[in-house]
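Chemist: Residue numbers (my numbering), protein chains in the order written: chain Y, 318 to 537; chain W, 6 to 257.
Beta carbons: idealized from backbone N, C-alpha and C, even for Gly.
For clarity, every value in this text was computed on a predicted model and none was experimentally measured.
One structure is given below, represented as structure tokens, and several questions about it will come after.
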């Protein structure tokens, strides 16, 4: 194993650790959202600092690898992919923090019927599953698994589009619950972004393993 | 003038029974900088020594196939004409030790017995030294021995000597491996400038250098060209596993 291989291995381990933390953040946010557990939401907000620390550390490590080792070919693509994935994970962490803030600001537990009809928990589950799939794809260099998340992202997009009318109808019938409805709609928007981040990461994994650029293509 | 300047066709080279180049097929475009890379003993230097027929100077060395420069087989060309078309610079700076800087710069003319007027000589010396960005550093000491210069300056003097006869192709055999980073950087800038007028084939072990200065890279392995492509492709997405292993340092 060359010195560069060792550095790349460390970088991969750090990225996986950050990834696991972000997935945990999303899981806690889901739990806090479902139970309106404000303490758990505060914990998510506190832990966001750890996500940010990972981001800074991985950025710095990538910079050092570029400067000191001049990686090329698959090594270069790997470091580039990690650099971008790092950014996507940090944003996913921000999303979890943003939803946690809604939970803290919300006055009363969310209407379970609305959560069900707007399919919010399903969105949480699909988003978390996508993050786990791309993590496994990254760990095992499995591009087929990476590609599988594109379909799941379409599912999230569809739920997001339909949510407008679902939440709109709810507001029309529950005029006293506008704040709560808007929190839910905003959460749906954020969860749709989780899918986008996971999809971006999948594209980076495919780029690094297969040297194929899938960005901005209609049929990945 | 665009187009192919050098073409190797089914080219093989031997030292006695030992085949060191195997069926080389390579087209080099005019004004390209081509880096020749590969592990030690893969035939890089032999290849460029075949282009200007230095290979045949070694006892027992033979070659088969064709190397065409401007569509003419170098093995059928007059050697003096060929060497005027193709200049070469070696790993260690080797200005002629008994000659001054001035004489070194026009050594090609002196050694070929080409007579020049004093003013023409002055012009060739100044032009050649300016092309290698050495003029300002040596213009006041042109009659000192070339060996008084620093290693980097000596190497630029050798390049000036090689281009004074206006060759079409410059062969550079690890021209910076004996130089410090500043001198290396000057030679690399020089290569970038020289490519406007010349086609350059450079053997280098320094992969970052190949990446910085070359348009195309040929990867040699065990006497064969395994991969020849645009340098950006070779360094980002090499097609051959051995190329990838070599450039990422996983060879062997």
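#1: Please confirm if residue 255(W) has its CB atom under 8 Å from at least one CB of chain Y.
#2: Give the interface partners of residue 393(Y) over in chain W, defined as CB-CB distance under 7 Å, in chain order.
#3: Any idea if residue 257(W) is buried or exposed, counting beta-carbon neighbours within 10 angstroms, 16 or more meaning buried?
#4: Along chain W, which residues have their Cβ under 9 Å away from the Cβ of residue 319(Y)?
#5: What whole-angstrom Cβ distance do residue 104(W) and residue 222(W) have, given they're in contact under 8 Å?
#6: Counting along the chain, where does the beta strand (DSSP E) carrying residue 20(W) start and finish?
#7: Using a C-beta to C-beta distance shorter than 8 Å, which residues of chain W count as neighbours of residue 389(Y)?
#8: How about residue 384(Y): is its C-beta nearer than 8 Å to some C-beta of chain W?
#9: Three Cβ pairs or more, each shorter than 8 Å: is that satisfied between the segment 215-231 of chain W and the segment 39-55 of chain W?
#10: Quick check: the segment 371-379 of chain Y against the segment 342-350 of chain Y, are there 3 or more CB pairs under 8 Å?
#11: From residue 219(W) to residue 195(W), what does the alpha carbon distance come to, in whole angstroms?
#12: So residue 528(Y) contacts chain W; which residues on that side make the cut at Cβ distance below 9 Å?
#13: Going by DSSP in three states, residue 536(Y) sits in which element: helix, strand or coil?
#14: According to DSSP, is residue 96(W) helix, strand or coil?
#15: Excluding the five sequence neighbours on either side, which residues of its own chain have a C-beta within less than 6 Å of the C-beta of residue 537(Y), listed in chain order?
#16: Would you mind listing the beta strand (DSSP E) stretches within the segment 161-230 of chain W that are 3+ residues and don't spill past its ends, in chain order?
#17: Compute the distance between the beta-carbons of residue 187(W) and residue 94(W), then report whether it is under 8 Å.
#18: Taking 8 Å as the threshold (beta carbon to beta carbon), is residue 249(W) in contact with chain Y?
#19: Just to confirm, are residue 168(W) and residue 180(W) a CB contact at a threshold of 8 Å?
#20: Residue 32(W) lies in the alpha helix (DSSP H); which residues open and close that run?
#21: Considering only residues of the same chain and omitting the five flanking positions on each side of residue 90(W), which have a CB-CB separation below 7 Å?
#22: Going along the chain, which residues of its own chain have a beta-carbon closer than 7 Å to the beta-carbon of residue 514(Y), five neighbours each way excluded?
#23: Which runs of the beta strand (DSSP E), 3 residues or longer, sit entirely within the segment 37-115 of chain W?
#24: Go through its chain and collect everything with a Cβ distance to residue 49(W)'s Cβ below 6 Å, but skip five positions before and after it.
#25: Can you tell me where the alpha helix (DSSP H) with residue 531(Y) in it begins and where it stops?
#26: Please classify residue 33(W): is it buried, with 16 or more other beta-carbons within 10 angstroms of its beta-carbon, or exposed?
#27: Candidates 24(W), 22(W), 31(W), 23(W): which alpha carbon is nearest residue 14(W)'s?
#28: Can you tell me where the alpha helix (DSSP H) holding residue 318(Y) begins and where it ends?
#29: Mind checking who residue 232(W) pairs with in its DSSP beta bridge?
#30: Does the CB of residue 536(Y) have a neighbour CB from chain W at under 8 Å?
#31: Quick one: what does DSSP say residue 125(W) is sitting in, helix, strand or coil?
#32: Leaving aside the five residues before and after residue 21(W) along the sequence, list all residues of the same chain whose C-beta is less than 7 Å from its C-beta, in chain order.
#33: Since residue 166(W) and residue 109(W) are thought to touch, with beta carbons under 8 Å apart, how far apart are those beta carbons, to the nearest angstrom?
#34: With distances taken from CA atoms, which of 388(Y), 395(Y), 344(Y), 386(Y) is nearest residue 330(Y)?
Modeler: This is what the structure gives:
#1: Yes, residue 255(W) counts as interfacial toward chain Y.
#2: 241
#3: Bear in mind that a pLDDT of 47 at residue 257(W), under 50, signals an unreliable position, so the number given afterwards is only what the model happens to contain. Residue environment: residue 257(W) is assigned as exposed (fewer than 16 neighbouring CB atoms within 10 Å of its CB, all protein chains considered).
#4: Near residue 319(Y) (Cβ distances below 9 Å), the residues of chain W are 253, 254, 255.
#5: In fact, because the Cβ distance is near 35 Å, the residues do not count as touching under 8 Å.
#6: Residue 20(W) -> beta strand (DSSP E) spans 9-20.
#7: Near residue 389(Y) (Cβ distances below 8 Å), the residues of chain W are 212, 216, 240, 241, 252, 253.
#8: no
#9: yes
#10: no
#11: Going by C-alpha positions, residue 219(W) is about 12 Å away from residue 195(W).
#12: 241, 242
#13: No answer about residue 536(Y) holds up, because its pLDDT of 48 lies below 50 and its placement is not dependable.
#14: coil
#15: Here the model assigns residue 537(Y) a pLDDT of 48, short of 50, so the residue's position is not dependable, and the following value carries that caveat. Taken in chain order, the residues that qualify are 467, 531.
#16: 174-178, 204-208, 221-226
#17: At least 8 Å separates the beta-carbon of residue 187(W) from that of residue 94(W).
#18: yes
#19: no
#20: Segment 23-34 is the beta strand (DSSP E) holding residue 32(W); no alpha helix (DSSP H) there.
#21: The residues are 74, 172, 173, 174.
#22: 405, 408, 409
#23: 38-42, 66-74, 91-94
#24: Contacts found: 41, 43, 208, 225.
#25: DSSP places residue 531(Y) in no alpha helix (DSSP H); its state is neither H nor E.
#26: buried
#27: 31(W)
#28: Taken as a continuous stretch (DSSP letters only), residue 318(Y) belongs to no alpha helix (DSSP H), as it is neither H nor E.
#29: DSSP output for residue 232(W) lists 224(W) as bridge partner(s).
#30: Note that residue 536(Y) scores a pLDDT of 48, beneath 50, so its modelled location is shaky; the value from the coordinates is reported in the next line. With 8 Å as the cut-off, residue 536(Y) does not count as an interface residue toward chain W.
#31: Three-state DSSP puts residue 125(W) in a helix.
#32: 65
#33: The beta-carbon distance between residue 166(W) and residue 109(W), rounded to whole angstroms, is 5 Å. This is short enough to meet the 8 Å contact definition.
#34: Per the Cα distances, 395(Y).
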